[in-house]
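Everything below concerns the one structure shown next.
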Amino acid sequence: MADEPIAVDGDYHYESDSAYSPDEFDWQSTDTTSIGSSIYQGLISNGRRYQSLRNKEYIIPSDELQFETYEAGHLVDMILNYHKENPLFSSPIGKNPDDSMNILDIGTGKGTWAMDVADRYPNSTVRGVDLYPPPVVWTPPNCVFEVDDILEEWTWREEFDLIHMANMIGSFDSSEWTNLYQQCYNKLKPGGWLEQFEIGPFVESDDGSLPPDSALASWGRIIKECGERAGRCCEIVSTMSSSIREMGFVDVHERVYKWPIGPWPKDERIKEAGFINVRHWMSGMEGWCMWLLTNYGTPKPWTKEEVYVFCAEVRNEIRQGRYHCYHKA
Ligand SMILES: C[S@@+](CC[C@H](N)C(=O)[O-])C[C@H]1O[C@@H](n2cnc3c(N)ncnc32)[C@H](O)[C@@H]1O
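Under the numbering used here, think of the first position of the sequence shown as 73, with each following residue one higher.
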């Protein structure tokens, strides 16, 4: 329930709790191995690797550090939903693991969601599509990964029972979103479901512990404004359900979660999610903001070094753990 405050663990002291020590994170580590093909090599910019398939820049890198981020984000989602019979998606299909479904995962990233769904439904086929090849060495036999631009005309013959996408924030301009939703609509079976999960950029606190002049409080505003200047809305979390309705989808439901940043919540499950979300932020934040800030930062595009300094400030605030903060998802 998004509007209910998360109860705070009053006994918890961040700096002295080794179980949740942020020092184990190695957020500076990157490992960019070239594997021959130009698709794998991608484009290197500001020390990060970006996809090279689409003739238009995508704002977030496709490299090991970002794949680690996707893994951590998936884990937070799983922890917050683990009490559900099916923590992987909310659409009311696939009640029986023997069900045979056609499922598409748009912007599959590391491919973890697609592989988990394929494992859960061995009689179903799960396709994961991305601009950059998912870094997988083994996939369940019913999981297929394809490297393609989802904005091109879809050539799949089959229709889908479920089309899923997660964290596509900042990927598309408004006409591209319309194109994408339209293709989803056209390629769903009658009674099929589109499920979209997005993270909001704004960091908030319910108890006033997050100072308005903190780097964390400024994060959402900065990302949102850069996204607007880039023509790629970074706050689709607040507009996607109306965009989906406008495309003609019916029976639209929206659920808002609070993802704590830090193990400050009292509830053990939410505390665990907050701890993993720290890892998610530590590995993710540079990749989330580097392209936006070095291209659309104000008063002029930021240098790579300025981005490093900003990220270091955000990181320090997260490590200090003084703020009972969260973002919506
Ligand atoms: C932020 S990542 C999210 C990955 C994954 N869904 C997750 O939640 O962990 C967005 C992914 O969408 C992919 N993507 C962006 N634009 C795309 C396009 N036009 N066609 C296919 N994939 C795209 C990116 O390459 C990236 O891997």
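The beta carbon of each residue, even a glycine, is placed where N, CA and C say it ideally should be. Bear in mind that the values here come from a model prediction, so they are computed numbers and not experimental data.
Item to check | Assigned secondary structure, residue 174 (DSSP; H/G/I helix, E/B strand, else coil) | outcome: Stepping through the sequence shown from its first residue, residue 174 is reached at position 102. Three-state DSSP puts residue 174 in a strand.
Item to check | Continuous beta strand (DSSP E) stretch holding residue 277: start and end | outcome: By 1-based counting over the sequence shown, the position of residue 277 is 205. Residue 277 -> beta strand (DSSP E) spans 275–277.
Item to check | N-terminal and C-terminal residue of the beta strand (DSSP E) that residue 233 is part of | outcome: Position 161 of the sequence shown holds residue 233. Counting along the chain, residue 233 sits inside the beta strand (DSSP E) bounded by residues 232–238.
Next on the checklist: Is residue 182 near ligand 1 - that is, is its Cβ less than 7 Å away from at least one heavy atom of it?
Outcome noted: In the sequence shown, residue 182 corresponds to position 110, counting from 1. At least one heavy atom of ligand 1 falls within 7 Å of the beta-carbon of residue 182.
Checklist entry - Is the distance from the Cβ of residue 338 to the Cβ of residue 80 below 8 Å? => result Locating residue 338 in the sequence shown gives position 266, where the first residue counts as 1. Locating residue 80 in the sequence shown gives position 8, where the first residue counts as 1. In this structure, residue 80 lies closer than 8 Å to residue 338 by Cβ.
Item to check | Contact belief for residue 141 with residue 359 at Cβ below 8 Å, rounded distance in angstroms | outcome: Within the sequence shown, numbered from 1, the residue matching residue 141 stands at position 69. Within the sequence shown, numbered from 1, the residue matching residue 359 stands at position 287. Yes, residue 141 and residue 359 are in contact; Cβ-Cβ is about 7 Å, under 8 Å.
Next on the checklist: Among the candidates 394, 398, 287, whose CA atom is the shortest distance from the CA of residue 83?
Outcome noted: On the sequence shown, residue 83 is found 11 positions in, with the first residue counted as 1. Among 394, 398, 287, the Cα nearest to that of residue 83 is on 394.
Checklist entry - With contact counted as at least three CB pairs below 8 Å, one residue from each stretch, are the stretch 238–253 and the stretch 211–221 in contact? => result With the cut-off at 8 Å, the stretch 238–253 and the stretch 211–221 do not touch.
Checklist entry - Among 306, 326, 175, which one has its Cα closest to the Cα of residue 314? => result Here the question's residue 314 lines up with position 242 in the sequence shown. Comparing Cα positions, the closest option is 326.
Checklist entry - If you measure from the CB of residue 239, is any heavy atom of ligand 1 nearer than 7 Å? => result Position 167 of the sequence shown, counted from the start, is the residue given in the question as residue 239. When distances are taken from the beta-carbon of residue 239 to the heavy atoms of ligand 1, the shortest one is below 7 Å.
Item to check | Whole alpha helix (DSSP H) elements within the stretch 328–368, 4-residue minimum | outcome: Those alpha helix (DSSP H) runs which fall completely within the stretch 328–368 and span 4+ residues are 340–368.
Next on the checklist: Can you give me the C-alpha to C-alpha distance between residue 309 and residue 330, rounded to a whole angstrom?
Outcome noted: Locating residue 309 in the sequence shown gives position 237, counting from the first residue. Locating residue 330 in the sequence shown gives position 258, counting from the first residue. Spanning the two alpha carbons is a distance of roughly 12 Å.
Checklist entry - From this set, 219, 220, 205, 150, which residue's C-alpha is nearest residue 189's C-alpha? => result Along the sequence shown, one-based indexing puts residue 189 at 117. Ranking 219, 220, 205, 150 by Cα distance to residue 189 puts 150 first.
Item to check | Rounded straight-line distance, which links the Cα of residue 261 to that of residue 267 | outcome: Numbered from its first residue, the sequence shown carries residue 267 at position 195. Numbered from its first residue, the sequence shown carries residue 261 at position 189. For the pair residue 267 and residue 261, the Cα-to-Cα distance works out to about 14 Å.
Checklist entry - Pick from 357, 319, 332: whose alpha carbon is nearest that of residue 348? => result As a working note, residue 348 is residue 276 in the sequence shown. Measuring from the Cα of residue 348, the nearest candidate turns out to be 332.
Checklist entry - Using a threshold of 7 Å, is the CB atom of residue 222 nearer than that to any non-hydrogen atom of ligand 1? => result Counting from 1 along the sequence shown, the entry for residue 222 is found at position 150. Flag set: Cβ of residue 222 near ligand 1.
Item to check | Best match in 154, 110, 137 for proximity to residue 340 [C-alpha to C-alpha] | outcome: Within the sequence shown, residue 340 is the residue found at index 268, counting from 1. Scanning 154, 110, 137 for the CA closest to the CA of residue 340 turns up 154.
Next on the checklist: As a quick exercise: from 240, 269, 289, 271, pick the residue whose alpha carbon is nearest that of residue 278.
Outcome noted: Here the question's residue 278 lines up with position 206 in the sequence shown. Here the closest residue by C-alpha is 289.
Next on the checklist: When you measure from the CB of residue 132 to every non-hydrogen atom of ligand 1, does any distance come out below 7 Å?
Outcome noted: For the purposes of this step, residue 132 is taken as the residue at position 60 of the sequence shown. Yes.
Item to check | residue 143 versus 118, 181, 161, residue with shortest Cα-Cα distance | outcome: Translated into the one-based positions of the sequence shown, residue 143 becomes position 71. Nearest C-alpha to residue 143: 181.
Checklist entry - Can you name the residues that DSSP bridges to residue 122? => result For the purposes of this step, residue 122 is taken as residue 50 along the sequence shown, with counting starting at 1. DSSP output for residue 122 lists 115 as bridge partner(s).
Checklist entry - By DSSP, does residue 264 sit in helix, in strand, or in coil? => result Residue 264 sits at position 192 when you count from the first residue of the sequence shown. Here residue 264 sits in strand by DSSP.
Item to check | For residue 200, the residue or residues it bridges with in DSSP | outcome: Sequence index remark: in the sequence shown, residue 200 carries index 128 (1-based). According to DSSP, residue 200 shares a beta bridge with 177, 217.
Checklist entry - Out of 145, 167, 136, 241, which has the shortest C-alpha to C-alpha gap to residue 208? => result Your numbering for residue 208 matches position 136 in the sequence shown. Considering only alpha carbons, the answer is 136.
Item to check | Residues near residue 120 by beta carbon distance below 7 Å, same chain, minus five either side | outcome: The count along the sequence shown starts at 1 and reaches residue 120 at position 48. In chain order, 133, 135, 359, 362 place their CB closer than 7 Å to the CB of residue 120, counting only its own chain and leaving out the 5 sequence neighbours on each side.
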